[in-house]
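Report on one structure; see the data block that follows.
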Amino acid sequence: MTEVERHTFDVVVVGAGGAGLRAAIEAREQGMRTAVICKSLFGKAHTVMAEGGIAAAMGNVNSGDTWQVHFRDTMRGGKFLNHWRMAELHAQEAPDRVWELETWGALFDRTGDGRISQRNFGGHEYPRLAHVGDRTGLELIRTLQQKVVSLQQQDFAEYGDYEARLRILQECTVTRICKDGDRVSGVFGYVRDSGRFFTVEAPAVVLATGGIGKSFKVTSNSWEYTGDGHALALLAGASLLNMEFVQFHPTGMVWPPSVKGILVTESVRGDGGVLRNSDGRRFMFDYVPDVFKGQYAQSEEEADRWYADPDRNRRPPELLPRDEVARAINTEVKAGRGSPHGGVFLDVSTRLPAEEIIRRLPSMHHQFKELADVDITREPMEVGPTCHYVMGGVAVDPDTAAAPGVPGLFAAGEVAGGMHGSNRLGGNSLSDLLVFGRRAGLHAAAYAAGLGTGLGTGPGAGRPGIDPAQVDRAAAEAVAPFDGARAGGRAAENPYTLHQELQQTMNDLVGIVRRAEEMAEALERLAGLRERAARAVVEGHRQFNPGWHLALDLRNMLLVSECVARAALERTESRGGHTRDDHPEMDRAWRSVNLYCSLADSGSVAVERRPNPPIRPDLLDLFAAEELAKYLTEAELPAAAVTAP
Ligand code: FAD
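The opening residue of the sequence shown carries number 1162 in the working numbering; numbering runs sequentially from there.
Below is the structure:
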């Protein structure tokens, strides 16, 4: 029997970013004994990198803002593919989640009259992002950590044990979800420094593992984003929804090569920055698509007036949703009008006084000075698209965050699908992870409480237990890369080489602009990489062994990349974060189609089309009939829109 360290809790949360911490706080506040597991050090999750802010219709800067306007913007941004119920809950609950953060100690920037300040961002009709300079994620995580500590202090006062009901297991990687019959029974993983194995037995598992960006070569994402939660869910029998939608943020650094992909926050454009090509032209005016005509300025003069008088002018086209701006930059560069290092110019130096730039964008000023020797108060930045966010994710019930068909499994934050449709608006992730992190924690706690306390080993009443045979299999899978014999007499594979080839494949063949032959080729290459990954061998032992960690992460990246490529090949239209050269138009017939990826017994990925639930009529009433007619088929349109001119 495998030697493992065993823990037992009521709820285990995998991930300590915003979604995971918010879920854990909620589960603990419901009285559940809760464990949080994270790959990195506690406090180092990806969420700390978030810069621009948290989108919430608080109406502090423009009182016209309401949840209905936020809902409308979110659906428009996602090109109406969003799960309407998630978009509704998100828009309604985001303000409460921000105010709650403030009561827990978050120090947001203020308006002149002392309210939480809100800034402009692409696709948001009103200034909506609550922020702390350009370091909002850091403050969000700091605040949630502080809340965790205060709950632990309460437990110490009550039980004499800080970790009685809330324990953090940091630098631990989960590699398998355990099941008892159909039900989830906990997780298996390894401690990164010692290499020792552990299990956490718990009837409710919340996945909050973030995104998948490390499968792409140019990305704003950190080393943690290897799609673990997506793969863990698939392997546990859940489905992934609409994985073809991957967001390429328009503005990543392009130079020097060592920092290529690092994010340049959208706040630069929200605060007045403009995009120019090598001819000095503000080219975004040439790229306003039909669905957005009427909402964006037609001239530079009008766009510039908007910053001072947003009620009487239309927004600058630099603030179109990210997919539109990323495609426009891609086109300009391909047409030979790019900057010296293959991007375009983003200029804030001629738009704001130097001291204002440093006040509003301190991290950007520091980042360019330190990494590229560029002073953004004096010269433009060079920027280009970078893989940033995955809209696709674990299919969940919108109200409870539960994964249908896998009792006890929940998902929230970037790992969950549905909320953002085909394209996420900036700022809507931090609000998403607070709203649905809380919901996942709440419903995971209710589920665990509903099972009672008796430990059982089979399906039926009581709590599910961890099957030792599953633990043995998970341990054997984890140590396999140390076994030189697995190469079967052929050359052993190096996990770093495989990773580089995977990243290049996804970048070149399933990237920002896609076509059928290239994706078919990508699938062939991925199959080859999967076969070679079974021969990946690492040296040394289990202590502090990053090569081993990568060999295990490869399983996840390859599975998730296959889902992205298969779904992208299946969807024969262009929408949001999925652009097909061979099907360049958005097709209304595809709006009501969701693509679900699941894992067949053979281990191959299957893609299935299922209907996107119809949008509730009172929510459709928030849109003009002419606008709905651009997105919905006639069968889906309310009678008023069908008769609109
Ligand atoms: P994360 O914060 O990434 O947390 C994931 C957690 O899961 C980590 O603790 C990790 O260690 C853990 N984990 C992963 N795999 C495993 C495993 N196998 N075992 C154990 N633990 C695991 N969004 C906005 O709304 N506004 C912004 O201004 C904004 N700015 C951004 C700036 C940058 C540079 C980037 C990259 C993103 C930005 N985003 C922004 C997006 C947003 O930050 C992320 O989508 C969001 O933080 C994801 O949060 P999460 O809680 O889902 O995951």
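Just so you know, even glycine gets a beta-carbon here, dropped at the ideal spot from N, CA and C.
Since the model is a prediction, treat every value here as computed from it, not as a measurement.
Could you tell me the alpha carbon to alpha carbon distance between K1200 and Q1331, rounded to whole angstroms?
Locating residue 1200 in the sequence shown gives position 39, where the first residue counts as 1. Locating residue 1331 in the sequence shown gives position 170, where the first residue counts as 1. Taken atom to atom, the span from the alpha-carbon of K1200 to that of Q1331 is near 6 Å.
Taking all protein chains shown into account, do 16 or more other C-beta atoms lie within 10 angstroms of the C-beta of D1389, making it buried, or fewer, making it exposed?
Translated into the one-based positions of the sequence shown, residue 1389 becomes position 228. By the 10 Å Cβ count, D1389 comes out buried.
Reducing DSSP to helix, strand and coil, say where M1162 ends up.
On the sequence shown, residue 1162 is found 1 positions in, with the first residue counted as 1. DSSP, read as helix, strand or coil, puts M1162 in coil.
Is the segment 1636-1656 in contact with the segment 1361-1368, if contact means three or more CB pairs nearer than 8 Å?
The segment 1636-1656 vs the segment 1361-1368: no contact.
Runs of alpha helix (DSSP H) lying entirely within the segment 1254-1322, each at least 4 residues, in chain order:
Counting only runs of 4 or more, we get 1297-1320.
Quick one: is the Cβ of G1588 within less than 8 Å of any heavy atom of ligand 1?
As a position in the sequence shown, residue 1588 is number 427, starting the count at 1. Yes, since a heavy atom of ligand 1 falls inside the 8 Å radius drawn around the Cβ of G1588.
Buried or exposed: which applies to Y1757, given that a residue is buried once 16 or more other Cβ atoms fall within 10 Å of its Cβ?
To locate residue 1757, count along the sequence shown from 1; it is residue 596. Only buried fits Y1757, as 16 or more other CB atoms lie within 10 angstroms of its CB.
Please find out if some non-hydrogen atom of ligand 1 comes closer than 8 Å to the beta-carbon of Y1657.
Residue mapping note: residue 1657 aligns to position 496 of the sequence shown, counting from 1. No, Cβ of Y1657 sits at least 8 Å from all heavy atoms of ligand 1.
Using 10 angstroms around the beta-carbon of V1310, count the other beta-carbons present and answer buried if the total reaches 16, otherwise exposed.
Taking the first residue of the sequence shown as position 1, residue 1310 is located at position 149. Exposed is the call here.
Would you call Q1665 buried or exposed, if buried means 16 or more other Cβ atoms sit within 10 Å of its Cβ?
By 1-based counting over the sequence shown, the position of residue 1665 is 504. Under a 10 Å Cβ-count criterion, Q1665 is classified as exposed, with fewer than 16 other Cβ atoms of the shown protein chains found around its own Cβ.
Checking 9 Å against the spacing of the C-beta atoms, do T1208 and L1327 come in under that value?
On the sequence shown, position 47 is the one that residue 1208 refers to. On the sequence shown, position 166 is the one that residue 1327 refers to. Their beta carbons are not under 9 Å apart, which means T1208 does not touch L1327 by this criterion.
Just to confirm the assignment: which complete alpha helix (DSSP H) runs, minimum length 4, are found wholly within the segment 1628-1686?
Runs found: 1629-1640 and 1656-1670.
May I have the straight-line CA-CA distance separating H1702 from M1445, to the nearest angstrom?
Numbered from its first residue, the sequence shown carries residue 1702 at position 541. Numbered from its first residue, the sequence shown carries residue 1445 at position 284. If I take the Cα positions, the gap works out to 53 Å.
What residue from F1317, I1186, G1176 and T1336 has the CA that sits closest to L1713's CA?
The count along the sequence shown starts at 1 and reaches residue 1713 at position 552. Nearest C-alpha to L1713: T1336.
Can you list, in chain order, the residues of its chain whose CB lies under 6 Å from that of E1797, leaving out five sequence neighbours each side?
As a working mapping, residue 1797 is identified with position 636 in the sequence shown. Cβ contact annotation for E1797 (same chain, cutoff 6 Å, sequence separation greater than five): none.
Please tell me whether, using a cut-off of 8 Å, the distance from the CB of M1210 to the nearest non-hydrogen atom of ligand 1 is below it.
Mapped onto the sequence shown, residue 1210 falls at position 49. Checking every heavy atom of ligand 1 against the Cβ of M1210, one is found closer than 8 Å.
Could you round the C-beta distance between L1290 and I1215 to whole angstroms and report it? I think they count as a contact, below 8 Å.
Against the sequence shown, residue 1290 aligns to sequence position 129. Against the sequence shown, residue 1215 aligns to sequence position 54. Indeed they touch by this definition, with Cβ atoms about 6 Å apart.
Check the C-beta distance from H1244 over to M1525 and give it rounded, since I have them as a contact under 8 Å.
The residue labelled residue 1244 in the question sits at position 83 within the sequence shown. The residue labelled residue 1525 in the question sits at position 364 within the sequence shown. Under the criterion of beta carbons closer than 8 Å, H1244 and M1525 do not qualify as touching, at roughly 33 Å.
Can you tell me the Cα-Cα spacing of D1316 and W1265, whole angstroms?
By 1-based counting over the sequence shown, the position of residue 1316 is 155. By 1-based counting over the sequence shown, the position of residue 1265 is 104. Answer to the nearest angstrom: the Cα atoms are 18 Å apart.
Assuming A1196 is part of the beta strand (DSSP E), what are its boundary residues?
Locating residue 1196 in the sequence shown gives position 35, counting from the first residue. Annotation: the continuous beta strand (DSSP E) that includes A1196 extends over T1195 to I1198.
Please list the terminal residues of the continuous alpha helix (DSSP H) segment that includes V1237.
Locating residue 1237 in the sequence shown gives position 76, where the first residue counts as 1. The residue you asked about is not Val; residue 1237 is Arg in the sequence shown. Segment W1228 to G1238, the alpha helix (DSSP H) holding R1237.
One question on the structure: do Q1191 and A1573 come within less than 9 Å of each other, judged by their Cβ atoms?
Here residue 1191 refers to the residue found at position 30 of the sequence shown. Here residue 1573 refers to the residue found at position 412 of the sequence shown. The answer is no: Cβ separation not under 9 Å.
What would DSSP say about G1350, mapped onto helix, strand or coil?
Residue 1350 sits at position 189 when you count from the first residue of the sequence shown. If DSSP states are grouped into helix, strand and coil, G1350 belongs with the strands.
Using DSSP with H/G/I as helix, E/B as strand and the rest coil, what is L1715?
Your numbering for residue 1715 matches position 554 in the sequence shown. Residue state, collapsed to three classes: helix.
Flag C1333 as yes when its Cβ comes closer than 8 Å to any non-hydrogen atom of ligand 1, and as no otherwise.
Position 172 of the sequence shown, counted from the first residue, corresponds to residue 1333. Yes, since a heavy atom of ligand 1 falls inside the 8 Å radius drawn around the Cβ of C1333.
Provide the residue span of the beta strand (DSSP E) that contains Q1704, from first to last.
Translated into the one-based positions of the sequence shown, residue 1704 becomes position 543. For Q1704, there is no enclosing beta strand (DSSP E), since its DSSP letter is neither H nor E.
With R1183 as the anchor, note down where its alpha helix (DSSP H) starts and where it stops.
Along the sequence shown, read from residue 1 onward, the residue named residue 1183 stands at position 22. R1183 -> alpha helix (DSSP H) spans G1179 to E1190.
Top-ranked residue by Cα proximity to P1256, from E1723, E1700, L1595 and V1352:
Locating residue 1256 in the sequence shown gives position 95, counting from the first residue. Closest by alpha carbon: L1595.
Per DSSP, which residues does C1758 bridge with? Please list them.
Within the sequence shown, the letter at position 597 stands for residue 1758. Note: C1758 sits in a beta bridge opposite L1401 and V1768.
Sequence-distant residues of the same chain with beta carbon closer than 6 Å to L1182, five excluded per side:
If you number the sequence shown from 1, residue 1182 lands on position 21. L1305.
Among the residues of its own chain, which have a CB less than 6 Å from the CB of T1618, if the five just before and after it don't count?
Locating residue 1618 in the sequence shown gives position 457, counting from the first residue. The pLDDT assigned to T1618 is 45, lower than 50, so where the model puts this residue is not dependable, and the model offers no usable value.
Rounded to a whole number of angstroms, what is the C-alpha to C-alpha distance between R1475 and A1218?
Locating residue 1475 in the sequence shown gives position 314, where the first residue counts as 1. Locating residue 1218 in the sequence shown gives position 57, where the first residue counts as 1. Between the alpha carbons of R1475 and A1218 lies a gap of roughly 19 Å.
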